[in-house]
Amino acid sequence: MKNKNLLDRITTNPEVMVGKPTIRGLRITVEQILKALAGGVTTQELLEDYPELEPEDIQAVLLHATELVSEEQVFKVS
Numbered sequence: 013m014k015n016k017n018l019l020d021r022i023t024t025n026p027e028v029m030v031g032k033p034t035i036r037g038l039r040i041t042v043e044q045i046l047k048a049l050a051g052g053v054t055t056q057e058l059l060e061d062y063p064e065l066e067p068e069d070i071q072a073v074l075l076h077a078t079e080l081v082s083e084e085q086v087f088k089v090s
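Residue numbers (this note's numbering): 13 to 90.
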C-alpha cells in the first residue's frame, strides 16, 4: 500500500476522541497505538486486542508518527 493510502487511514474529527488523530474514524487513537507499541505490545497482540484493526492500520500509525517527527524543526537556544 502506498504511503498516501496509508495516511488516509489516519483521520481527525472534533467529535471523535476530542479531535485526536484516530484510525479510520474508530475510537482508537494514534496515541494509544504508539504507547502500546512503545510499551512492548506486539503488532499481533494489538490486532488480537482490537479486532477491528488491520495490519495496514499499524503501518499507518507508524508512518504518521514518522511524518510528524520528520517535520520537526530544531532551533539552537543560546
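Even glycine gets a Cβ: it sits at the ideal position worked out from N, Cα and C.
When secondary structure is reduced to three states using DSSP, Thr23 falls in the strand class.
Straight across, the Cα-Cα distance linking Gln71 with Leu18 is about 7 Å.
The DSSP assignment places 42-50 as complete runs of the alpha helix (DSSP H) inside the stretch 22-53, in order along the chain (cut-off: 4 residues).
Take the alpha-carbon of Glu64 and the one of Val81: they are about 27 Å apart. Here Arg21 really is in contact with Glu68; their C-beta atoms are around 7 Å apart, less than 8 Å. Check the Cα spacing between Leu74 and each of Val28, Gly31, Thr41: the tightest is with Thr41. Taken through DSSP and simplified to helix, strand or coil, Leu80 comes out as helix.
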